[in-house]
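Here the structure comes first, spelled out in structure tokens, and everything after it is commentary.
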Amino acid sequence: FQDVAWLMVVTMTSLGFGDIVPNSVGGRVFISLSSIYGILLMALVIGIVQQLLTLTDDERRVLAYDEFTKFTKNRKSGAARCIQAVWRIY
Numbered sequence: 001f002q003d004v005a006w007l008m009v010v011t012m013t014s015l016g017f018g019d020i021v022p023n024s025v026g027g028r029v030f031i032s033l034s035s036i037y038g039i040l041l042m043a044l045v046i047g048i049v050q051q052l053l054t055l056t057d058d059e060r061r062v063l064a065y066d067e068f069t070k071f072t073k074n075r076k077s078g079a080a081r082c083i084q085a086v087w088r089i090y
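Once you know that position 35 of the sequence shown is 35 in UniProt numbering, the rest is easy, because the numbers rise by one and skip nothing.
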């Protein structure tokens, strides 16, 4: 059972180490179908994770506003340092 479980994990993740291989035609057909199923399953999982990690429009707006306020704050801070440096020279 452990060998079959290992073979299915390796096949469904499309790693294909080759340490365990099917010998019969039926086994090869089953593994071929399992590998196709594994590829489709991994694509589905990746698609779901990508959809969960994608920002919504509201989240994008909040992020853009946050970046804008940080940029404005840094610009004001830089301008203040510039004025202070010029003031010290005179």
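Cβ coordinates follow ideal geometry from the N, Cα and C atoms, glycine included.
All figures in this text were calculated on a predicted structure; none of them were measured in a lab.
{"Asked": "Report the residue ranges of all alpha helix (DSSP H) runs contained in full by the segment 39 to 90; include only those spanning at least 4 residues, in chain order.", "Found": "57 to 89"}
{"Asked": "Any idea what DSSP makes of Asp3, helix, strand or coil?", "Found": "helix"}
{"Asked": "Measure the alpha-carbon distance for Asp66 versus Thr56 and round it to whole angstroms.", "Found": "15 Å"}
{"Asked": "Rounded to whole angstroms, what's the CA-CA distance from Ser77 to Gln50? Just pull it up for me.", "Found": "38 Å"}
{"Asked": "Quick check on the burial criterion: 16 or more other C-beta atoms within 10 angstroms. Buried or exposed for Thr72?", "Found": "exposed"}
{"Asked": "Can you tell me whether Gly26 is helix, strand or coil according to DSSP?", "Found": "helix"}
{"Asked": "CA-CA distance, Val86 and Ala79?", "Found": "11 Å"}
{"Asked": "Once the 5 residues before and after Phe1 are set aside, which same chain residues still bring their CB inside 6 Å of it?", "Found": "none"}
{"Asked": "On the premise that Asp3 lies in contact with Ile31, defined as a C-beta separation below 8 Å, what is that separation, rounded to the nearest angstrom?", "Found": "No, Ile31 and Asp3 are not in contact; Cβ-Cβ is about 13 Å, not under 8 Å."}
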